[in-house]
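**Q**
There are 2 protein chains.
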Amino acid sequence: MAHLEQVGELELIRQLAAVLSSGPGVITGIGDDCAVVSYNAQDNTDLVFTSDAVIEGTHFKEGCEPCRIGHKAVGRVLSDLAAMGAVPRWAHINLVAPPEAELAYIREIYTGAQKLAGRHGLVICGGDTASSAPLALHVFAAGTVEHGGAVTRSGAAAGQGIYVTGTLGFSQQTGKHLDFLPRVAEGRWLRDYAGAMLDVSDGLAVDLARLIQASDCGALLEADLIPVSEFAGAQAAPSEKLSHALYDGEDFELLFTVRQEKASGFMDAWQSAFNTPCRRIGTTTAQSGLLEWINPDNQRAPLPQGGWLHYS
Amino acid sequence: MAHLEQVGELELIRQLAAVLSSGPGVITGIGDDCAVVSYNAQDNTDLVFTSDAVIEGTHFKEGCEPCRIGHKAVGRVLSDLAAMGAVPRWAHINLVAPPEAELAYIREIYTGAQKLAGRHGLVICGGDTASSAPLALHVFAAGTVEHGGAVTRSGAAAGQGIYVTGTLGFSQQTGKHLDFLPRVAEGRWLRDYAGAMLDVSDGLAVDLARLIQASDCGALLEADLIPVSEFAGAQAAPSEKLSHALYDGEDFELLFTVRQEKASGFMDAWQSAFNTPCRRIGTTTAQSGLLEWINPDNQRAPLPQGGWLHYS
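Going down the list, the sequences are from chains A and B. Sequential numbering from 1 applies to the first sequence in the working numbering. Sequential numbering from 313 applies to the second sequence in the working numbering.
1) At which residues does the alpha helix (DSSP H) containing ARG500 (chain B) begin and terminate?
2) Would you check if the stretch 194-205 of chain A and the stretch 147-158 of chain A touch, i.e. whether three or more CB-CB distances between them fall below 8 Å?
3) Once DSSP output is grouped into helix, strand and coil, what is the label at TYR505 (chain B)?
4) Does DSSP put VAL512 (chain B) in a helix, in a strand, or in coil?
5) Chain A beta carbons: is any one of them nearer than 8 Å to that of GLY439 (chain B)?
6) Just confirm the distance between the C-beta atoms of TYR475 (chain B) and ALA517 (chain B), as a whole number of angstroms; I'd bet it's less than 8 Å.
7) Can you tell me where the beta strand (DSSP E) holding ASP46 (chain A) begins and where it ends?
8) May I ask you to list, following chain order, the residues of the stretch 185-218 of chain A that have a beta carbon less than 8 Å from some beta carbon of chain B?
9) What are the start and end residues of each continuous alpha helix (DSSP H) run of 4 or more residues lying completely inside the stretch 2-28 of chain A, in chain order?
10) Measure from the C-beta of PHE252 (chain A) to each C-beta in chain B and report whether the shortest distance is under 8 Å.
11) Kindly give me the distance between the Cβ atoms of GLY438 (chain B) and GLY8 (chain A), rounded to whole angstroms, as I take these residues to be in contact under 8 Å.
12) Is there at least one Cβ from chain A nearer than 8 Å to GLY341 (chain B)'s Cβ?
13) Using DSSP with H/G/I as helix, E/B as strand and the rest coil, what is GLY478 (chain B)?
14) Count the C-beta pairs between the stretch 522-533 of chain B and the stretch 477-489 of chain B that are closer than 8 Å, then say yes if the count reaches three, no if not.
15) What's the call for LYS553 (chain B), buried or exposed, on a 16-neighbour Cβ count within 10 Å?
16) Under 8 Å, CB to CB, which of the residues in the stretch 36-53 of chain A have a partner in chain B?
17) If contacts are defined as beta-carbon pairs under 8 Å, then THR45 (chain A) and HIS138 (chain A) qualify, I think. What distance do you get, rounded to the angstrom?
18) Looking at the structure shown, is ASP297 (chain A) part of a helix, part of a strand, or coil, going by DSSP?
19) Near GLU368 (chain B), what residues of its chain come up, given a Cβ to Cβ distance below 7 Å and the 5 sequence neighbours on each side ignored?
20) Give me the chain B residues within the contact set of LEU12 (chain A), using Cβ-Cβ distance strictly less than 8 Å, ordered along the chain.
21) Secondary structure at GLU225 (chain A), three-state DSSP: helix, strand or coil?
22) With a threshold of 6 Å on Cβ separation, who are the neighbours of SER334 (chain B) within its own chain once the five nearest residues in sequence on each side are excluded?
23) Return the residues of the stretch 144-157 of chain A that lie within a Cβ-Cβ distance of less than 7 Å from chain E, sorted by chain order.
24) Tell whether a beta-carbon distance below 8 Å holds between LEU20 (chain A) and GLN426 (chain B).
25) Which same chain residues, not among the five before or five after ALA273 (chain A), have their C-beta less than 7 Å away from its C-beta?
26) Quick check on HIS315 (chain B) - is its C-beta less than 8 Å from some C-beta in chain A?
27) Taking 8 Å as the cut-off, decide whether the C-beta atoms of PHE252 (chain A) and VAL184 (chain A) are in contact.
28) Taking 7 Å as the cut-off, does the CB of GLY289 (chain A) come closer than this to any heavy atom belonging to the ligand SAH?
29) With a 10 Å radius around its C-beta and 16 neighbouring C-beta atoms as the bar for buried, classify PRO88 (chain A) as buried or exposed.
30) CB-CB under 6 Å to HIS383 (chain B), same chain, minus the five flanking residues each way: which ones, in chain order?
31) Report the rounded CA-to-CA distance for LEU603 (chain B) versus ASP344 (chain B), giving the unit in angstroms.
32) Distance check for ALA442 (chain B) and GLN287 (chain A), CA to CA, integer angstroms please.
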């Protein structure tokens with residue numbers, strides 16, 4: 001009998017999705033950053049749902065500063081909503097905590113969660129508490145977007161520029177995986193430009209592979225253009241730093257393509273709107289699923305796959 | 313420093329709610345079975361959100377039949393939606409499972425979840441997977457209700473009949489805590505009759521205390537009228553059986569009051585609509601927070617408090 005560690009996360013999700021039935025009103029179901037639903041044809045608004053967990057030992061270490069746990073928990077769902085171009089609205093938090101947990105520590109987690117949620121208009125209006133270990137928060141969030149306006153993973157086509165916000169790599173070493181700023185305003189603004197979009201949670205190489213698979217196109221990255229995060233402790237060679245940028249997870253930056261009719265003047269418009277760094281790192285290509293790069297030796301080659309997934 | 317086991321679940325929720333800010337569109341926030349929100353004044357529909365967890369060792373035992381785990385996980389959120397009078401719409405499931413879990417077992421959990429969800433029109437359209445132990449499902453659900461039409465805990469007033477569906481007690485011994493049928497159609501129908509409503513998750517005594525506290529009234533139960541579940545293994549005296557009906561949790565029956573103008577003919581209407589048992593068990597009274605009963609010795613007395621709560 002197969003165990004989860006043998007089949008891997010993607011196959012697990014594929015098999016669970018096969019058990020579940022879709023239904024009326026579901027525009028985008030399992031397989032994107034969020035689900036998109038519509039319940040009222042007269043209404044000009046779609047609802048966007050997402051859920052994520054942060055679990056001690058998996059997503060943060062024991063003894064982590066509590067406000068950072070709350071920040072990360074809310075940041076993850078905000079990043080998912082951002083990747084759809086949605087407006088954050090309401091959230092629920094399910095808390096799992098052992099009976100010996102300190103009340104003050106739990107309260108600080110919620111203070112961190114509220115601080116980030118409040119900054120983005122996300123109202124935490126409910127949840128559940130359960131007595132168990134390890135400490136965990138499961139956050140559910142709902143957002144809204146104009147009917148038909150959600151940006152999915154599947155809207156890219158050959159010949160579009162591929163862009164990423166911020167810098168990538170070393171999120172564990174720098175603490176960015178706890179303190180990242182979800183790109184909510186940027187994601188919302190990108191509705192007018194993006195072909196496809198997602199947030200980089202499992203590493204650039206893995207997440208770009210998802211985007212081109214969903215969009216039925218290919219991609220050509222340029223190694224020299226990939227923005228690598230500064231990490232003072234890194235004594236690594238440039239190629240090793242690049243490897244961190246490609247395969248480390250939890251950067252929660254936006255990865256997107258720009259539609260061809262919007263390509264002209266895109267970077268100027270971006271820089272007028274935001275201080276957040278944004279960089280073109282490649283181009284989508286025609287051959288479905290083919291992920292290539294111009295490597296550091298200036299040769300065109302398949303991008304070696306890596307990245308981090310649960311259960312593998 | 314205070315630990316969760318010292319402060320108890322209610323105080324924990326009170327303190328966490330104090331950290332969180334409400335916001336625009338929230339009609340009913342923390343403290344009811346579901347949150348109720350409205351995002352569009354022109355729209356005649358409110359959204360209703362709830363979330364619950366089922367965790368191995370807390371809500372089910374190791375080795376539990378997997379389809380029953382999925383049934384309970386979805387049943388809990390359906391019961392919450394029912395208690396608001398809402399139509400179930402969409403759900404997300406966050407799965408926590410250790411890497412050595414069997415794929416076939418997890419798939420069976422989802423089969424049980426889908427079966428119950430499908431019967432009630434609830435579409436499971438997303439979620440998250442994480443590698444950790446113990447096995448757990450966190451389910452988030454969204455429903456809809458006519459604008460202003462959600463039934464809350466706070467709508468009771470003195471002089472209303474208090475009713476409960478089904479029978480109460482021994483849910484652990486009989487397996488009802490896993491196999492219960494959420495009263496979705498009944499809850500929806502009760503919108504036209506109920507003053508206040510909730511589902512009995514922590515025991516009749518505790519949940520009725522919550523209802524009268526939220527409604528700022530009192531209640532007088534009649535011991536002789538409380539419907540006790542049959543349990544073949546019970547050799548207990550009648551008073552001990554009654555104690556199970558009052559203090560056991562996880563029956564997931566609806567507890568509600570009927571508005572005075574709807575009292576006449578209520579039971580006839582119920583019996584025309586449903587085969588589900590329903591019984592009047594008492595009356596709301598004027599003194600806020602006072603929970604009394606006519607005890608088995610036919611004396612009026614305060615109802616002894618008990619019931620089961622997390623962290624206490």
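Glycine included, every Cβ here is placed at the ideal spot set by N, Cα and C. In this text the structure is predicted, and so the values were computed from the model without any measurement.
**A** From the atom records:
1) Translated into the one-based positions of the second sequence, residue 500 (chain B) becomes position 188. That run of the alpha helix (DSSP H) goes 496-502.
2) yes
3) Counting from 1 along the second sequence, the entry for residue 505 (chain B) is found at position 193. The answer is coil: DSSP assigns TYR505 (chain B) none of H, G, I, E or B.
4) Within the second sequence, the letter at position 200 stands for residue 512 (chain B). VAL512 (chain B): coil per DSSP, three-state reduction.
5) What you label residue 439 (chain B) is simply residue 127 of the second sequence in a count that begins at 1. Yes, contact with chain A.
6) Walking along the second sequence from the start, residue 475 (chain B) turns up at place 163. Walking along the second sequence from the start, residue 517 (chain B) turns up at place 205. Incorrect: roughly 16 Å between the Cβ atoms, too far for contact.
7) Start at 1 with the first residue of the first sequence, and residue 46 (chain A) comes out as number 46. 45-55 is the span of the beta strand (DSSP E), which, as asked, contains ASP46 (chain A).
8) none
9) 4-19
10) In the first sequence, residue 252 (chain A) corresponds to position 252, counting from 1. Chain B contact via Cβ: absent.
11) Position 126 of the second sequence, counting from 1, holds the residue named residue 438 (chain B). Position 8 of the first sequence, counting from 1, holds the residue named residue 8 (chain A). Going by Cβ atoms, the distance from GLY438 (chain B) to GLY8 (chain A) rounds to 19 Å, so no, they are not a contact pair.
12) Counting from 1 along the second sequence, the entry for residue 341 (chain B) is found at position 29. Taking Cβ atoms only, chain A reaches closer than 8 Å to GLY341 (chain B), which makes this a yes.
13) The count along the second sequence starts at 1 and reaches residue 478 (chain B) at position 166. Looking at GLY478 (chain B) - three-state DSSP - the assignment turns out to be coil, as it is neither helix nor strand.
14) no
15) Residue numbering aside, residue 553 (chain B) sits at position 241 when the second sequence is read from its first letter. Classification for LYS553 (chain B): buried.
16) VAL37, TYR39, ASN40, ASP43, THR45, LEU47, PHE49, THR50, SER51, ASP52, ALA53
17) Start at 1 with the first residue of the first sequence, and residue 45 (chain A) comes out as number 45. Start at 1 with the first residue of the first sequence, and residue 138 (chain A) comes out as number 138. Going by Cβ atoms, the distance from THR45 (chain A) to HIS138 (chain A) rounds to 26 Å, so no, they are not a contact pair.
18) By 1-based counting over the first sequence, the position of residue 297 (chain A) is 297. It is coil, neither helix nor strand.
19) Residue numbering aside, residue 368 (chain B) sits at position 56 when the second sequence is read from its first letter. Counting only Cβ-Cβ distances below 7 Å, and skipping sequence neighbours, we find GLU374, PRO446, LEU447, ALA448.
20) Position 12 of the first sequence holds residue 12 (chain A). The answer, in chain order, is LEU415, ILE418, THR441.
21) Against the first sequence, residue 225 (chain A) aligns to sequence position 225. Reading off the sequence, residue 225 (chain A) comes out as Leu, not Glu. If DSSP states are grouped into helix, strand and coil, LEU225 (chain A) belongs with the helices.
22) Residue mapping note: residue 334 (chain B) aligns to position 22 of the second sequence, counting from 1. So the qualifying residues of the chain are GLY341.
23) Protein chains A and B are contained in the structure displayed, whereas chain E is not.
24) On the first sequence, residue 20 (chain A) is found 20 positions in, with the first residue counted as 1. On the second sequence, residue 426 (chain B) is found 114 positions in, with the first residue counted as 1. Against a cut-off of 8 Å, the Cβ pair of GLN426 (chain B) and LEU20 (chain A) comes out as a contact.
25) Within the first sequence, residue 273 (chain A) is the residue found at index 273, counting from 1. Result list for ALA273 (chain A): TRP189, in chain order.
26) Along the second sequence, read from residue 1 onward, the residue named residue 315 (chain B) stands at position 3. HIS315 (chain B) counts as touching chain A.
27) Position 252 of the first sequence holds residue 252 (chain A). Position 184 of the first sequence holds residue 184 (chain A). No, these two residues do not count as a Cβ contact at 8 Å.
28) This structure does not include the ligand SAH; it has no bound ligands of any sort.
29) Position 88 of the first sequence, counted from the first residue, corresponds to residue 88 (chain A). Classification of PRO88 (chain A): buried, given that the 10 Å Cβ count is 16 or more.
30) Along the second sequence, one-based indexing puts residue 383 (chain B) at 71. GLY424, LEU428.
31) Counting from 1 along the second sequence, the entry for residue 603 (chain B) is found at position 291. Counting from 1 along the second sequence, the entry for residue 344 (chain B) is found at position 32. Cα to Cα, the separation comes out at about 19 Å.
32) For this step, residue 287 (chain A) is matched to residue 287 along the first sequence. For this step, residue 442 (chain B) is matched to residue 130 along the second sequence. Answer to the nearest angstrom: the Cα atoms are 33 Å apart.
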